[in-house]
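Student:
Residue numbers (our numbering): 0 to 814.
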């Protein structure tokens, strides 16, 4: 044991230091009182505890305790910003743990002082990490954990509390694996050393030594091996030893508990804690594919505003075209499914807003346009936040730069008052901390924050309002350069996402200028955008060239084509759309080349959780308790591992695993009916093959006897116009995208023709209602709708969910 003590001393960690779940006992108030561990153990030996809903609640508190130390560990790895975000995530999750047996309400009911102390400590943890004060953060985590430890003992008794504390110590050691994966070996060594100190001082130290001496020795040896391997920068050694420590802690916990169900509930919570280790590890890597999706979605925000101001300038057809083009692009985009899975409400709100924007732009109603743009933007802000996570402020910066560009264009057209209004709205967004932008900029650099807000932002609004051209030039450049510097402070792959979006927004500004008859300004905008890229664009230029040289060259070529189109009287909007496609490709290429989110290593953690579960005592306990919950737990764990591997949908999959584990804990505790709601919902699932009801004449595959075939692509019918003979049968075959409908326009079919639509409805109103309410009439992947045309004339039809994207067609029936 001397080797361990010497190592602790060398790391500057006092062996008498008390950490969470340690040598102190807790009064109900959560205040620590020093005790003699052996004496207290002897005095508190009781009959084995029984599992109940309270056991599951206490296990959830254990997960929170583990996450506190995760945040400190990430801070020790030098990522204080990410660590502060993790702490904020704990706070947000805790606030949502409502219900009679939710962790939040249960803590408040068990001990109000523990509840208040935990929340105070959690706030101090976030603040300390944001300030880069690691030792302050460690103290805050310790204090918050002590409050939960006190509540543990009060709620479930000493034996169950010790059981959970031993499992917590195993989870804390396991964090070293994630740290070693990113070569934060000193942090990994410190984490293991602190866990060993906590174990020596904990009440459970003597309990497990007596109950299962082999597990006791295995745990101590494994922790020592973690420290040794970390000291030798041996990631594989750290990983193996950390996993051994978890196994030993869990084995010992069953012996201490003397009740398999109690230890089993805690073991599930330990698995959940390790899932959060994987999430923390993924946050320490480069941006994931989800970030690329978010960056692509941010471009739509800028385009929605382009559609709005063009329509307000009288270019109503072009405004409606832009809204429709955005819808069509989204339906075939990689980000489509990602947004739907990450935030279904935002997904539906965005599509609904786009549809409204298209209609409003065509009508020219300014109030309707403003309302539609607001809907689009609010839902995209939510969706981008869900996908980009801590990187959302950088994308917000790119969006702000695009909107400042819009303000400048309005000013150049003689609309200084409208330019000032844009700046005022951006000021309000900034003050409201939309997308956490205000706090992130201030945290990143006080000087940049001062430059942006206090030197230039307010002054720019005044300059526009007073038509002071020199001041406009000064303060426009001031806000733009401050934000570019903020982006440049981040990894190239992250900054590239923001700048690719900004550049795409600017070329669409060029197209808007051309639409309004100012080809010279269009050429000037595209040329300045090219020059911005050549000067680096916060690292985007070099990152793209290194990521994919072919994309880099096509990106530059497409940008040049816009200038040529403007100077030669060509179609600037068409050229801008071509460039936009290159910009989106560039985003994904740069993110892919950045190395992603440590997906393989993170998936290795959840894969080990899966492997350990298959042979664990709790496996059988859960399967016997409730088979459906057992299957859901395994499925959620598998989905989470897949998400970590692919780099897509990580946050959503992590939430799914957390929710499934919560139910599993209550099931093993024998209290599944008491499990709190997790806030998850099935949501609206138009488009999934499971939810769609085809109805009459919707068949599997493509019928052999069909005379003609119309292919339904993501947002189009191919061919869009088809001529057939009377009596011919047409098969409308699903080829791509979500489920479609084939719905005749009631007033656009020949007189005397019977109404027709997939789903067998007798009117257009009935078809729309059937789809909206029950997804009836949908043609999903692998199926087709079949109709025989008996009435001559032109039959116009459309797809209900994708009409706004232009998915319409016609069948001309001849004798």
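C-beta: ideal position from N, C-alpha, C; glycine also. A quick note: this is a predicted structure, and the numbers were derived from the prediction, not measured.
Short check: CB of residue 418 to CB of residue 406, under 7 Å?
Tutor: In the chain shown, counting from the first residue as 1, residue 418 sits at position 419. In the chain shown, counting from the first residue as 1, residue 406 sits at position 407. Contact: yes.
Student: Any idea if residue 796 is buried or exposed, counting beta-carbon neighbours within 10 angstroms, 16 or more meaning buried?
Tutor: The residue labelled residue 796 in the question sits at position 797 within the chain shown. It counts as buried.
Student: Report yes if the CB atom of residue 575 is closer than 7 Å to the CB atom of residue 561, and no otherwise.
Tutor: Taking the chain shown and counting its residues from 1, the one referred to as residue 575 is at position 576. Taking the chain shown and counting its residues from 1, the one referred to as residue 561 is at position 562. Contact: yes.
Student: In the DSSP assignment, find the unbroken beta strand (DSSP E) run with residue 711 in it and report its ends.
Tutor: On the chain shown, position 712 is the one that residue 711 refers to. It spans 707 to 711 - the beta strand (DSSP E) in which residue 711 sits, taken as one unbroken run.
Student: Determine the closest residue to residue 809 out of 716, 268, 388, with distance taken between C-alpha atoms.
Tutor: Here the question's residue 809 lines up with position 810 in the chain shown. Of the listed residues, the one whose Cα sits closest to residue 809 is 716.
Student: Near residue 423, what residues of its chain come up, given a Cβ to Cβ distance below 7 Å and the 5 sequence neighbours on each side ignored?
Tutor: For this step, residue 423 is matched to residue 424 along the chain shown. So the list reads 460, once near-sequence residues are dropped.
Student: With the cut-off set at 7 Å, would you say residue 279 and residue 69 are in Cβ contact?
Tutor: Translated into the one-based positions of the chain shown, residue 279 becomes position 280. Translated into the one-based positions of the chain shown, residue 69 becomes position 70. Yes.
Student: Output needed for residue 464: all residues of its chain with C-beta closer than 6 Å, excluding positions within five of it in sequence on either side, in chain order.
Tutor: Here residue 464 is taken as the residue at index 465 of the chain shown, counted from 1. The answer, listed in chain order, is 419.
Student: In this structure, does DSSP put residue 553 in helix, strand or coil?
Tutor: Position 554 of the chain shown holds residue 553. DSSP places residue 553 in helix when its eight states are reduced to three.
Student: Leaving aside the five residues before and after residue 178 along the sequence, list all residues of the same chain whose C-beta is less than 7 Å from its C-beta, in chain order.
Tutor: Here the question's residue 178 lines up with position 179 in the chain shown. Closer than 7 Å at Cβ, skipping near neighbours: 72, 76, 186, 187, 190.
Student: Could you compute how far the alpha carbon of residue 580 sits from the alpha carbon of residue 263?
Tutor: Position 581 of the chain shown holds residue 580. Position 264 of the chain shown holds residue 263. When rounded, the separation of the alpha-carbon atoms in residue 580 and residue 263 is 52 Å.
Student: Run through DSSP, which three-state label would residue 788 get?
Tutor: Here residue 788 corresponds to residue number 789 of the chain shown, with the count starting at 1. Coil.
Student: Along the chain, where does the alpha helix (DSSP H) that runs through residue 160 open and close?
Tutor: Counting from one through the chain shown, the residue named residue 160 turns up at place 161. 157 to 180 is the span of the alpha helix (DSSP H), which, as asked, contains residue 160.
Student: Return yes when the Cβ of residue 151 is within less than 7 Å of the Cβ of residue 57, no when it is not.
Tutor: Position 58 of the chain shown, counted from the start, is the residue given in the question as residue 57. Position 152 of the chain shown, counted from the start, is the residue given in the question as residue 151. Yes, Cβ-Cβ distance for residue 57 and residue 151 is below 7 Å.
Student: Can you check the region 171 to 240 for any alpha helix (DSSP H) of at least 4 residues that lies completely inside it and give the ranges in chain order?
Tutor: 184 to 200, 202 to 210, 212 to 230
Student: Under the DSSP definition of a beta bridge, which residues are partnered with residue 420?
Tutor: Locating residue 420 in the chain shown gives position 421, where the first residue counts as 1. In DSSP, residue 420 forms no bridge with anything.
Student: Measuring only the C-alpha atoms, how far is residue 90 from residue 317?
Tutor: Counting from 1 along the chain shown, the entry for residue 90 is found at position 91. Counting from 1 along the chain shown, the entry for residue 317 is found at position 318. Going by the C-alpha atoms only, they are around 46 Å apart.
Student: Rounded to the nearest angstrom, what separates residue 24 and residue 158 at their Cα positions?
Tutor: The sequence position of residue 24 within the chain shown is 25, counting from 1. The sequence position of residue 158 within the chain shown is 159, counting from 1. Its pLDDT being 38, under 50, residue 24 is placed unreliably in this model, and the coordinates cannot settle the point.
Student: Could you compute how far the alpha carbon of residue 602 sits from the alpha carbon of residue 645?
Tutor: Position 603 of the chain shown holds residue 602. Position 646 of the chain shown holds residue 645. Answer to the nearest angstrom: the Cα atoms are 9 Å apart.
Student: What does the Cβ neighbour count give for residue 725, buried or exposed, with the cut at 16 atoms within 10 Å?
Tutor: In the chain shown, the residue the question calls residue 725 occupies position 726. Exposed, because fewer than 16 other Cβ atoms sit within 10 Å of the Cβ of residue 725.
Student: In chain order, what residues of the same chain lie with their CB nearer than 6 Å to the CB of residue 385, ignoring the 5 residues before and after it?
Tutor: Counting from 1 along the chain shown, the entry for residue 385 is found at position 386. By the criterion of a C-beta distance shorter than 6 Å, residue 385 is surrounded in its chain by 341, 342, once the five residues flanking it on both sides are discounted.
Student: Quick check: the Cα distance between residue 604 and residue 335, rounded to an integer number of angstroms?
Tutor: As a first step, residue 604 must be located in the chain shown, where it is residue number 605. As a first step, residue 335 must be located in the chain shown, where it is residue number 336. In a straight line, the C-alpha of residue 604 is about 29 Å away from that of residue 335.
Student: Considering only residues of the same chain and omitting the five flanking positions on each side of residue 245, which have a CB-CB separation below 6 Å?
Tutor: Sequence index remark: in the chain shown, residue 245 carries index 246 (1-based). Excluding positions up to five away in sequence, the list reads 169, 173.
Student: So residue 663 is in the alpha helix (DSSP H); what residue range does that whole segment cover?
Tutor: Walking along the chain shown from the start, residue 663 turns up at place 664. Per DSSP, residue 663 belongs to the alpha helix (DSSP H) from 649 to 667.
Student: For residue 671 and residue 628, which I take to be in contact (beta-carbon distance under 8 Å), what is that distance rounded to the nearest angstrom?
Tutor: Working through the chain shown from its first residue, we reach residue 671 at position 672. Working through the chain shown from its first residue, we reach residue 628 at position 629. Their Cβ separation, rounded to whole angstroms, is 7 Å, which keeps residue 671 and residue 628 in contact under 8 Å.
Student: Please state whether DSSP places residue 797 in a helix, a strand or coil.
Tutor: Within the chain shown, numbered from 1, the residue matching residue 797 stands at position 798. Note: residue 797 maps to strand in three-state DSSP.
Student: To the nearest angstrom, how far is it from the Cα of residue 451 to the Cα of residue 640?
Tutor: As a first step, residue 451 is located in the chain shown; it is residue number 452 there, counting from the start. As a first step, residue 640 is located in the chain shown; it is residue number 641 there, counting from the start. Roughly 41 Å separates the two Cα atoms.
Student: Tell me which residue opens and which closes the alpha helix (DSSP H) that residue 290 is part of.
Tutor: Locating residue 290 in the chain shown gives position 291, counting from the first residue. Its alpha helix (DSSP H) spans residues 288 to 311.
Student: Rounded to the nearest angstrom, what separates residue 207 and residue 247 at their Cα positions?
Tutor: Locating residue 207 in the chain shown gives position 208, counting from the first residue. Locating residue 247 in the chain shown gives position 248, counting from the first residue. Approximately 10 Å, taken between the alpha carbons.
Student: For residue 432 and residue 438, I'd like the C-alpha separation in whole angstroms.
Tutor: Taking the first residue of the chain shown as position 1, residue 432 is located at position 433. Taking the first residue of the chain shown as position 1, residue 438 is located at position 439. Spanning the alpha carbons of residue 432 and residue 438 requires a straight line of approximately 7 Å.
Student: Pull up the CB-CB distance for residue 642 and residue 659, whole angstroms please, since I reckon it's below 8 Å.
Tutor: Numbered from 1 along the chain shown, position 643 holds the residue referred to as residue 642. Numbered from 1 along the chain shown, position 660 holds the residue referred to as residue 659. Their Cβ separation, rounded to whole angstroms, is 14 Å, which puts residue 642 and residue 659 out of contact at 8 Å.
Student: I need the straight-line Cα distance from residue 802 to residue 785, nearest angstrom please.
Tutor: As a working note, residue 802 is residue 803 in the chain shown. As a working note, residue 785 is residue 786 in the chain shown. The straight-line gap from Cα to Cα measures roughly 20 Å.
Student: Enumerate in chain order the residues of its own chain whose CB-to-CB distance from residue 214 is below 8 Å, with the five nearest sequence positions on each side excluded.
Tutor: As a working mapping, residue 214 is identified with position 215 in the chain shown. For residue 214, where only same-chain residues beyond five positions count, the Cβ hits under 8 Å are 207, 247, 248, 250, 251, 254.
Student: On a Cα-Cα basis, can you pick out the residue from 673, 162, 175, 229 that is closest to residue 275?
Tutor: Start at 1 with the first residue of the chain shown, and residue 275 comes out as number 276. That would be 175, whose Cα lies nearest to the Cα of residue 275.
Student: If the criterion is Cβ atoms closer than 7 Å, does the pair residue 47 and residue 258 meet it?
Tutor: Counting from one through the chain shown, the residue named residue 47 turns up at place 48. Counting from one through the chain shown, the residue named residue 258 turns up at place 259. Against a cut-off of 7 Å, the Cβ pair of residue 258 and residue 47 comes out as a contact.
Student: In the structure shown, what three-state DSSP assignment does residue 760 receive?
Tutor: Translated into positions along the chain shown, residue 760 becomes position 761. Reduced to three states, the DSSP call for residue 760 is coil.
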